[in-house]
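Worksheet: one structure, shown below.
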Amino acid sequence: MGKKLLIPLGVFIVLCAFLFVGLWRDPREVPSPLIGKPAPAFTLSQLHEPSKTLGPADLKGQVWLLNVWASWCVSCREEHPLLVELGKTKIVPIVGLDYKDERAAGMRWLAQNGDPYNVSVVDRDGRVGIDWGVYGVPETFVVDKEGTIRYKQIGPITAEALETKILPLIRELQKS
Amino acid sequence: MSVAGPSQDAKCTAARAAGSGAHGARRLALRLLIATIALAPLAAGAADAVPTEKDAVAASRAVKLSEKLRCLVCQNQTIADSNAELAQDLRRQIHEQIAAGRSDSEIVDYMVARYGDFVLYQPPVKPTTVLLWAGPALLLLLGCLGLVRILRMRRAQGEAPPLTAEERERAERLLAGDPRKDLS
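As they're listed, the protein sequences go chains C and Z. Throughout, my numbering is defined as the position within the first sequence, counted from one, plus 107. Throughout, my numbering is defined as the position within the second sequence, counted from one, plus 38.
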């Protein structure tokens, strides 16, 4: 009888283990199929100089970050001080993708909160966002020298994610 | 206590009535909204063009496709149901791609390439999803096997060994209703 009871008990414990792990996983974080794939191309008008454009092709040969932000985005405020700090260190070029935003509102927002971006580009209708699989703002991508997406941060960058994942990855990619 | 009872009851009833009133109003508002949304394309379409056969086909394809795809913002809604901005943008993408002559599977591939299999309401059968697809059948099979085993065990237990002559005699005595002789 004792042995027979062990089977359902075992099943129960395994089930509990799965559910327990599930408690700490965020269902909103959908793994991106774009990791390991070439960064989707775009040519967008720059935020501060509308006559100039920028695209991933212009950044080939260096490791860079694409940070998706918007003036209407509340959680962007959460990560922004970290980005401003990162921008000051000049470790890595940061490109801002101003997602579904008014140009004037975007410029005002950066003037108020600080501008960590080497360049920001405007994705007025969100088409480039769709190409990059963006489904919420903020999101941040790490792109390597060959133009391959290596990492995606969904939601605000945290100090922990920056220290333990993003910065080590950037250093490693810069070496290669 | 007996006073508090009815008055509390009255309060509850009032609250319930208020609740259902609000509910009714909300439902009415919702119906009006749905009617407006349903009629809006008619009004818009009437102004510029008479819908042709092709448009109707394209529209029903767009609806079918958007019912297959998950909105990543409101994850329990399809992009047909959701009013999130992303869902609106993705619906626009579907319309544009249909107009550009893309096939349904091309459009679905386009979405999967950007958002992953998660965007599909019906997950594809692949090595990583085999357990998901086969799981229910597997559980049913296990249950059936378990049931068969238990039934067999019961039957084996149910078949009692034949009685010895002595036992048979005792049983007959008991059935005859003579308890005294059973004391032995």
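All C-beta atoms, glycine included, are put in the ideal place defined by N, C-alpha and C.
Of the residues C:K197, C:A266, C:E246, C:D208, which one's Cα is nearest the Cα of C:P188? Nearest C-alpha to C:P188: C:A266.
For Z:A100, which residues from the same chain have a beta carbon less than 8 Å from its beta carbon, with the 5 sequence-adjacent residues on both sides left out? Only residues of its own chain outside the window of five on either side were considered, and among them R129, I132, H133, I136 have a CB closer than 8 Å to the CB of Z:A100, listed in chain order.
Kindly list the residues whose CB is nearer than 6 Å to the CB of C:G236, restricted to its own chain and excluding five residues on each side of it in sequence; keep chain order. Counting only Cβ-Cβ distances below 6 Å, and skipping sequence neighbours, we find Y206, D230.
Kindly say whether C:G162, judged by its beta-carbon, lies nearer than 7 Å to any beta-carbon of chain Z. No, no contact with chain Z.
Hey, how far is the Cα of Z:A172 from the Cα of Z:G181? Computed Cα separation, rounded: 14 Å.
Measure the C-alpha to C-alpha separation of C:V228 and C:M214 and round it to an integer number of angstroms. Those two C-alpha atoms are separated by around 11 Å.
Is the shortest distance between the beta-carbon of C:G240 and the beta-carbons of chain Z less than 7 Å? C:G240 counts as touching chain Z.
Does the distance from the C-beta atom of C:V170 to that of C:Q281 stay below 7 Å? Remark: C-beta atoms of C:V170 and C:Q281 approach each other more closely than 7 Å.
In angstroms with no decimal places, state the Cα-to-Cα distance between Z:A188 and C:I114. First, the residue type needs correcting, since residue 188 of chain Z is Ile and not Ala in the sequence shown. Distance from the CA of Z:I188 to the CA of C:I114, rounded to the nearest whole angstrom, comes to 15 Å.
Can you tell me the Cα-Cα spacing of C:K111 and Z:L177, whole angstroms? Taken atom to atom, the span from the alpha-carbon of C:K111 to that of Z:L177 is near 18 Å.
Using the rule of at least 16 other Cβ atoms within 10 Å of the residue's Cβ for burial, across every protein chain shown, is C:K259 buried or exposed? Classification of C:K259: buried, given that the 10 Å Cβ count is 16 or more.
Who are the near neighbours of Z:D155 in its chain, counting only those whose CB is closer than 7 Å to its CB and skipping five residues on each side? Residues P161, P162 of the same chain have their beta carbon placed closer than 7 Å to that of Z:D155, with the five preceding and five following residues left out of the count.
Inter-stretch contact at 8 Å, needing at least 3 Cβ pairs: the segment 158-168 of chain C / the segment 124-138 of chain C: Output reads no: the segment 124-138 of chain C does not touch the segment 158-168 of chain C.
Cut-off 6 Å between Cβ atoms - residues of its own chain near C:R210, not counting five sequence neighbours on either side: Here C:R210 has V229 as same chain residues with Cβ atoms under 6 Å from its own Cβ, once five neighbours each way along the sequence are excluded.
Check whether the Cβ of C:P140 lies closer than 7 Å to any Cβ atom in chain Z. At least one CB of chain Z lies nearer than 7 Å to the CB of C:P140.
Given Z:I145 as reference, the closest of Z:K106, Z:Q113, Z:A175 once Cα atoms are compared: The residue with the shortest Cα to Cα distance from Z:I145 is Z:K106.
Short of 7 Å Cβ to Cβ, which residues in the segment 164-181 of chain Z face chain C? Taking 7 Å as the Cβ-Cβ cut-off against chain C, none of the residues of the segment 164-181 of chain Z qualify.
Please classify Z:R69: is it buried, with 16 or more other beta-carbons within 10 angstroms of its beta-carbon, or exposed? Result: exposed.
Could you check the C-alpha separation between Z:T116 and Z:R140 for me, to the nearest Å? Roughly 21 Å between the two C-alpha positions.
In its own chain, which residues sit with a C-beta less than 8 Å from the C-beta of C:Q153, not counting the 5 before and 5 after it? Counting only Cβ-Cβ distances below 8 Å, and skipping sequence neighbours, we find K159, T160, L161, V226, S227, V228, V229.
Cβ-based contacts, 7 Å cut-off: residues of the segment 190-208 of chain Z near chain B: The structure shown contains no chain B; its protein chains are C and Z.
Between which two residues does the beta strand (DSSP E) holding C:R257 run? Start and end: 256-261.
Give the list of continuous alpha helix (DSSP H) stretches no shorter than 4 residues that lie fully inside the segment 174-217 of chain Z. Complete alpha helix (DSSP H) runs here, min 4: 203-214.
Going by beta carbon distance, what residues of the same chain come within less than 6 Å of C:N220, once the five residues before and after it are set aside? Correct list, in chain order: H187.
Ignoring anything shorter than 3 residues, give me the beta strand (DSSP E) runs that lie fully in the segment 162-204 of chain C, in order along the chain. Those beta strand (DSSP E) runs which fall completely within the segment 162-204 of chain C and span 3+ residues are 171-176.
Can you look up C:T271 in the DSSP assignment and give me helix, strand or coil? Of the three classes helix, strand and coil, the one that applies to C:T271 here is helix, per DSSP.
Please report how far the alpha carbon of Z:E210 lies from the alpha carbon of C:F119, in whole angstroms. Taking the straight line from one Cα to the other gives about 51 Å.
Applying the criterion that 16 or more other CB atoms from any shown protein chain within 10 Å of the CB defines a buried residue, is Z:L179 buried or exposed? Z:L179 comes out exposed.
So which residues of chain Z does C:P134 contact, with C-beta pairs closer than 8 Å? Simply Q113.
Per DSSP, Z:Y153 forms a beta bridge with which residues? Per DSSP, Z:Y153 has no beta bridge partner at all.
For chain C, is any of its Cβ atoms less than 7 Å away from the one on Z:Y153? Yes - at least one Cβ of chain C is within 7 Å of the one on Z:Y153.
For Z:Q223, the three-state DSSP class (helix, strand or coil): Summary: the structure shown does not reach residue 223 of chain Z, with chain Z confined to residues 39 through 222, and so no result is reported for it.
Taking the alpha-carbon positions, what's the C:K252 to C:I277 distance? Spanning the two alpha carbons is a distance of roughly 10 Å.
Local Cβ density within 10 Å of C:E246, reported as buried at 16 or more and exposed below that: Taking every protein chain shown into account, the CB of C:E246 has 16 or more other CB atoms within 10 angstroms, so this residue is buried.
Could you check how far apart the C-beta atoms of C:E185 and C:P263 are, in whole angstroms? I think they sit under 8 Å. Right, their Cβ atoms sit about 4 Å apart.
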